[in-house]
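> My numbering applies: residue 25 is where the sequence shown begins, and numbers increase by one. Beta carbons are placed, not taken as given, at the ideal position from N, Cα and C, and that holds for glycine.
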Amino acid sequence: MLRFSMRNGKARRRGLRPGLEGLEDRVTPTTFHVNTVLDSVAVNLKTGKDASGHISVRSAIMAADAHGGNNKIIVPAGTYTLSLVGTSANNGTAGELDINANVTIQGRGAGQTVIDGNNTDRVIEVLGGNVSITGVTIQHGRVTGDGGGILNNGGRLSLNAVVVTNNVAVGAPGSFGGGTGGAGGTGQGGGIFNAAGSLTLTRTTITSNQAIGGAGGNGGVIIFIKPAITSNQTSGAVVGNHGDDGGQGGAGDGGGIFNAAGATVTLSGATITSNQAIGGNGGAGTIGFDITGGAGGVGAAGGQATGGNGGAGGAGGVAQGGGLFNLGTVTLTGTASTVSGDSATGGAGGGGAAGGTGTGGPGGNAILGNRGGNGGEGAGGAGGRGGNGGVAQGGGIFNGGGASLTNTTTLAISTNVATGGTAGPGGAGGTGIGGNGGRGGPTSGNPDNLGGPGGAGGHAVGGTGGRAGASGDGDGGGLFNDIGGTVVYRAQTAAKPPAASTFTGNRALGGTAASIPGGAGGNASGGAGGGGGIHALGGTGGSANGDPVTSGTTSTEGAGGTGGDAGNGNGGGLFNAGTASFTGVTVDFTSNQAVSGTGGTGGAGGSATGGVGGNSGIAGLSSAGGSATGGTGGDSGEGASGVGGGILNANNATLTLKPRLGAKKGSKQAQASDVVTTNKALAATGGPAGAGGSATAFHGVATPGQPGVTDLFSAGVGGGIANFGTAVVDNTTNSGNQASTGDPNVDGNLTS
25 MLRFSMRNGK ARRRGLRPGL EGLEDRVTPT TFHVNTVLDS VAVNLKTGKD
75 ASGHISVRSA IMAADAHGGN NKIIVPAGTY TLSLVGTSAN NGTAGELDIN
125 ANVTIQGRGA GQTVIDGNNT DRVIEVLGGN VSITGVTIQH GRVTGDGGGI
175 LNNGGRLSLN AVVVTNNVAV GAPGSFGGGT GGAGGTGQGG GIFNAAGSLT
225 LTRTTITSNQ AIGGAGGNGG VIIFIKPAIT SNQTSGAVVG NHGDDGGQGG
275 AGDGGGIFNA AGATVTLSGA TITSNQAIGG NGGAGTIGFD ITGGAGGVGA
325 AGGQATGGNG GAGGAGGVAQ GGGLFNLGTV TLTGTASTVS GDSATGGAGG
375 GGAAGGTGTG GPGGNAILGN RGGNGGEGAG GAGGRGGNGG VAQGGGIFNG
425 GGASLTNTTT LAISTNVATG GTAGPGGAGG TGIGGNGGRG GPTSGNPDNL
475 GGPGGAGGHA VGGTGGRAGA SGDGDGGGLF NDIGGTVVYR AQTAAKPPAA
525 STFTGNRALG GTAASIPGGA GGNASGGAGG GGGIHALGGT GGSANGDPVT
575 SGTTSTEGAG GTGGDAGNGN GGGLFNAGTA SFTGVTVDFT SNQAVSGTGG
625 TGGAGGSATG GVGGNSGIAG LSSAGGSATG GTGGDSGEGA SGVGGGILNA
675 NNATLTLKPR LGAKKGSKQA QASDVVTTNK ALAATGGPAG AGGSATAFHG
725 VATPGQPGVT DLFSAGVGGG IANFGTAVVD NTTNSGNQAS TGDPNVDGNL
775 TS
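(1) In whole angstroms, what is the alpha-carbon distance linking residue 186 and residue 359?
(2) Between residue 331 and residue 405, is the Cβ-Cβ spacing less than 8 Å?
(3) For residue 526, count the other beta carbons within 10 Å of its own beta carbon; 16 or more makes it buried, fewer makes it exposed. Which is it?
(4) Grouping DSSP H, G and I as helix and E and B as strand, with all else coil, what is residue 723?
(5) Compare the Cα-Cα distances from residue 409 to each of 599, 389, 374 and 278 and report the closest residue.
(6) Which class does residue 855 belong to by DSSP, given the choice of helix, strand or coil?
(7) Which residues mark the beginning and the end of the beta strand (DSSP E) in which residue 88 is found?
(8) Could you tell me the alpha carbon to alpha carbon distance between residue 667 and residue 595, rounded to whole angstroms?
(9) Tell me the DSSP bridge mates of residue 709?
(10) With C-beta atoms as the reference, is residue 304 less than 8 Å away from residue 214?
(11) Should residue 761 be labelled buried (16 or more other beta-carbon atoms within 10 Å of its own) or exposed?
(12) What's the call for residue 111, buried or exposed, on a 16-neighbour Cβ count within 10 Å?
(13) For the beta strand (DSSP E) that residue 183 lies in, which residues bound it at each end?
(14) Between which two residues does the beta strand (DSSP E) carrying residue 160 extend?
(15) Could you tell me whether the segment 289-308 touches the segment 228-243, where touching means 3 or more Cβ pairs closer than 8 Å?
(16) Report yes if the C-beta distance between residue 346 and residue 419 is below 8 Å; otherwise report no.
(17) With DSSP as the reference, please indicate the residues paired to residue 483 in a beta bridge.
(18) Are residue 624 and residue 591 close, meaning C-beta to C-beta below 8 Å?
(19) Just checking my contact of residue 335 with residue 310 at CB under 8 Å: how many whole Å lie between their CB atoms?
(20) Go ahead and label residue 483 buried or exposed: buried means 16 or more other beta carbons lie within 10 angstroms of its beta carbon, across all protein chains shown.
(21) Counting only the same chain and skipping the five closest in sequence on each side, list residues whose C-beta sits under 6 Å from that of residue 430.
(22) What three-state label does DSSP hand residue 315 in the structure shown?
(23) Looking at residue 439 and residue 539, is the spacing between their C-beta atoms short of 8 Å?
(24) Indicate whether residue 454 and residue 584 have their beta-carbon atoms separated by less than 8 Å.
(25) Where does residue 441 fall in DSSP's three states?
(26) Leaving out the 5 sequence neighbours to the left and right, which residues in its chain are closer than 8 Å to residue 720 when beta-carbon positions are compared?
(27) Using the C-alpha atoms, what's the distance from residue 261 back to residue 254?
(28) Of all the beta strand (DSSP E) runs that stay within the bounds of the segment 600-643, which reach a length of 3 or more residues?
(29) Would you mind working out which of 610, 604, 729 and 672 sits nearest residue 548, comparing C-alpha positions?
(30) Identify whether residue 258 lies in helix, strand or coil by the three-state DSSP scheme.
(31) Residue 227 by DSSP, collapsed to three states: which one?
(32) To the nearest angstrom, report how far apart residue 266 and residue 553 are at their CA atoms.
(33) Can a CB atom of chain D be found closer than 8 Å to the CB of residue 412?
(34) Taking the runs of the beta strand (DSSP E) that are 3 residues or longer, which of them lie wholly in the segment 321-383?
(35) Considering only residues of the same chain and omitting the five flanking positions on each side of residue 353, which have a CB-CB separation below 6 Å?
(36) I think residue 173 touches residue 216, with their Cβ atoms under 8 Å apart; what is that distance to the nearest whole Å?
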């Protein structure tokens, strides 16, 4: 308590002599100077020194994590290769560099200071804290899963004048074993995976990184065959085991950057270029099993046999966001940014496998003047269908459902490509081989008695060739905005709109099937007729590919499979399935393309050979050989469409192009116009049909197979804009575009 005394009527304050105030416990900021390019761990977490007394990048980060507070790490020029391989349990002692404190890492410039992951692990994982990295190149990280270069798992990460290059995130391959092949794993964020927290890129380049889906596993092999028909059976059938299907390829998402739901990315002066998102290839199916019918008993028919169907190929994995994949919030502001030369490529479908051979059992020989047994029918298994190619969406940027992308600066999206995956080929149909007929029985007693006739050769049916898969679509060469996604281009302030943003030279390419045929139809060989006894006819040769005389129907087995369908190319510059608004700013769509792929070739029909007629007995007559009908050729794969060379606005989507909306009266922007020009929507045709199969008969009727049907469908619509939703377009010049069919500039209705 202060005390006052009175002198001359005035209060006099006693002199204050305050003591020293106690300081709070505080952590002093620490600076660590890296002085070795070797990769080493800290043995002193206060100084960051390793066992040799030096400070490495790793030991400095370990010390900063242990120290807490705000820390700075100075990294001089040099290449710092991470050589300590292993699992560190997020303590940074091996593998990736783990950061969980507030730290600034300052290099001498991206061209001089390089942190190299040595392709053994990702380079950096941020677990928390405020982390700033300046003047460094981060390269050669490789991981199975997410974030080849950097994984931000909840920190506030800022990259300034940094280069993130040549990093890879790859999905695990699908398993191979008994049964269907396993699906490939997902590879996400080749350069950076922003799982949570915030990521800010300033004057930073993300280049030549890859997110690759894992390949689907091939179908397994199960060693099991159903038992053949035993002797003395006169009917019944056996079927070979079917081959197993291949597994689906995994997705490749975000070749440069993957931004997860709930996370944020801010870009200023960023360059995202030459990154790749690649879907994994589908696994191959395995072949159907061969099977043989049992031999007939004395005078009994041989058993029927059908080869197993071939396994289908697995579908190729999808590829999304060659440069940037966004499920959260992305904001582009400040200095102009560029997304260029990135690509998304769907995985190829796996090949269907061949059907197994079915061989009919031989008929049994007769005794005592009886008829020989007929040969069993042999039918080939159907070839497996080829897997579909994976869809590719967003060669430059993929903006997913529930995500938002807001641009208030100049953004150039150029020369990016979304390419649908190629289809898998169909498997060949299995061969059908009819069993030979049994010999007729000899006479008993009197040699003038008639012997038994020979048994007929078995029919043979070739398996149908597997249809090739359909190639994947390529959607949104520059930018793909998914259902429920929001894209907004606007000025930060109406009085200072940015320079024009551009979509230039981007391509959406449907997957091609030009070299992807349907499977060939299986060949068929009828069984030979059995020889006759004395004075008796030999058996009739078996027919190939069905016998209209005895079956009453015209067989279509042995037909070639249909060729692969082409993929569509949709939205060369922009594919909008959500809400996209470009207001108060200028946006130009120039020289973008949407191009379909080419259909595949139909498989050739199977050849057919009729069975030879059986020899007669002494003084008997010879029998006719079997008829032969070649398999029909497979139809060609269908052509596809190129839709919206500049812009495709999908069903239920909303597109707004209003460059003057909200502009200051009398300003230059109030007179601005958007431009949609020299874009193309082109389509290729279906492929050629398969040839009909040949036919050979010995004293029977030979009928070659008919060729398949050629599908020449193709359409290229909306060279400038193709609208199937709601499109409000004002003050936009849409001219000089090209389309294969219809109006070269606009397909659909635009509202002013």
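Short version:
(1) 16 Å
(2) yes
(3) buried
(4) coil
(5) 374
(6) The requested residue 855 does not occur in the structure, where the chain is confined to residues 25 to 776.
(7) Looking at the DSSP string, residue 88 is not in any beta strand (DSSP E); the run it does join, the alpha helix (DSSP H), is 81-91.
(8) 6 Å
(9) BP columns for residue 709 are empty, so no partner.
(10) no
(11) buried
(12) exposed
(13) 174-184
(14) Premise fails: residue 160 is in no beta strand (DSSP E) and is neither H nor E.
(15) yes
(16) yes
(17) Per DSSP, none; premise fails for residue 483.
(18) no
(19) 5 Å
(20) buried
(21) 355 and 512
(22) strand
(23) no
(24) no
(25) strand
(26) 631, 632, 633, 634, 652 and 726
(27) Annotation note: pLDDT 40 at residue 254 (below 50); position unreliable, coordinate value reported separately. Taking the straight line from one Cα to the other gives about 11 Å.
(28) 603-607, 611-614 and 617-619
(29) 729
(30) With a pLDDT of 43 at residue 258, under the threshold of 50, the modelled position of this residue cannot be trusted; read the value that follows with caution. Residue 258: coil per DSSP, three-state reduction.
(31) coil
(32) 30 Å
(33) Absent from the structure: chain D. Only one protein chain is present.
(34) 328-330, 348-350, 353-356, 361-364 and 367-369
(35) 288 and 428
(36) 6 Å
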